[in-house]
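All remarks here apply to the structure that follows.
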Amino acid sequence: MSSERPQGRAAPSPPPVGVEKTWGGPAFSRELLRLAGVGKRFGGFVVLNDVGFALRAGEIVGLVGPNGSGKTTTINVISGLLRADSGDIVFDGRQVNALPMHRRARLGINRTFQVPKVFRDMTVRENVEVAALAARVPRNTVDAVLDEIGLTGVTARPAGSLTANQQKLLDLGRALATGPKLLLIDEIGAGLNPAELGAIATLLQKLAARGIALIVVEHLLDFLGRITERVIVLGAGRMLFEGTLAAAAHDPEVVAAFFGG
Ligand SMILES: Nc1ncnc2c1ncn2[C@@H]1O[C@H](COP(=O)(O)OP(=O)(O)O)[C@@H](O)[C@H]1O
Ligand SMILES: [Mg+2]
């Protein structure tokens, strides 16, 4: 990525802790996650460049941007699937950038995948049980999770036999079974019908109301608009914008990134 374009406008600094929450749910004021100056490259290719933002408990923030802009990589460096090359990732007051994924999961960071990762030959229940076990979370949370994701009717079925929507819910359930404080949701809405989208939006809002912070990567802006006002826009690995969804739609840099302006 050679585009050393002049910095038209510095990325806004993360909002200070204590700013009023503007959307749904109770206002949790505790800062849970802060990224500062995060960079990631693959070989000589810069995929993330000086990414920085903050998130409070119970808050939902949307992460949007064109294909290849670094959204999944952002989730990967927060969850620990990848390690950032530079910058700080502070979770719950603690630097986590050097920690492997399972340690971060135990601290309360978990995620879903763009293509749901379920054990296809295991039953729905077993999938959730394995996740709870790995996270050393009490087994009685399994039933609560199955109920919450709405899969109590199919607990004995092999996960591979589920519909795409059910597999996405199960992937979410596996993340929930670890008792997360921060959930990273990667394009859960793609391919779902309006009723399925509505149900997932309601579920994500419910999780946030309970104090779980969510970063939601999504192309479906209507869906995002239902669950959050605040979005971060990435373009070629840089933060182009942070603010309300409505303002993003009128931001020249955002428009240029999406439509080649
Ligand atoms: N493991 C990898 N090795 C090399 N390049 C990668 C790897 N993962 C992602 N990339 C590249 O990094 C860029 C950002 O990818 P990604 O974070 O998946 O984007 P998004 O999720 O926004 O579509 C893309 O150009 C992609 O091809
Ligand atoms: Mg992606």
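In terms of our numbering, the sequence shown opens at residue 1 and continues consecutively.
Cβ coordinates follow ideal geometry from the N, Cα and C atoms, glycine included.
Is residue i near ligand 2, going by C-beta to nearest heavy atom under 7 Å?
| i | result |
| --- | --- |
| D186 | yes |
| K71 | yes |
| R95 | It should be pointed out that residue 95 corresponds to Gln in this sequence rather than to Arg. Flag unset: Cβ of Q95 not near ligand 2. |
Is any heavy atom in ligand 1 found nearer than 7 Å to the beta carbon of residue i?
| i | result |
| --- | --- |
| V115 | no |
| F53 | no |
| V300 | Beyond the ends of the chain as shown, which are 1 and 261, falls residue 300; an answer cannot be given. |
| F45 | yes |
| N67 | yes |
| F42 | yes |
Use the C-beta contact count for residue i: other C-beta atoms within 10 angstroms, 16 or more gives buried, fewer gives exposed.
| i | result |
| --- | --- |
| S29 | exposed |
| P252 | exposed |
| F45 | exposed |
| K71 | buried |
| T73 | buried |
| S69 | buried |
| T22 | Residue confidence is low: T22 scores 45 on pLDDT, short of 50, so the model does not pin down where it sits. Its coordinate-derived value is still stated next. Its Cβ having fewer than 16 others within 10 Å, T22 is exposed. |
| T202 | exposed |
| I131 | In the sequence as displayed, the identity of residue 131 is Ala instead of Ile. Buried is the call here. |
| T228 | buried |
| T141 | buried |
Across which residues does DSSP place residue i in a beta bridge pair?
| i | result |
| --- | --- |
| E196 | Beta-bridge pairing links E196 to no other residue. |
| D88 | A36 |
| G93 | Paired residues: none, contrary to the question. |
| V231 | G62 and G243 |
| V51 | V38 |
| E253 | Answer by DSSP bridge pairing: none, since E253 is not bridged. |
| A213 | L182 |
- Message: I want to know whether the region 78–90 touches the region 135–145 - three or more CB-CB distances under 8 Å.
- Response: no
- Pairing CB atoms from the region 107–126 with CB atoms from the region 180–195, are three or more of them under 8 Å? Taking 8 Å as the limit for Cβ pairs, the verdict is that the region 180–195 does touch the region 107–126.
- Message: Suppose only complete runs of 4+ residues qualify. What are the alpha helix (DSSP H) ranges in the region 137–189, listed by chain order?
- Response: 141–148 and 164–176
- Item | Stretch-stretch touch, CB-based, cutoff 8 Å, three pairs: the region 57–77 with the region 209–218 | The answer is yes - the region 209–218 touches the region 57–77, with three or more Cβ pairs under 8 Å.
- Output the residue ranges of the alpha helix (DSSP H) runs that lie fully inside the region 95–140 and measure 4 residues or longer, sorted by chain position. Taking only runs of at least 4 residues, the alpha helix (DSSP H) segments lying wholly in the region 95–140 are 101–107 and 124–134.
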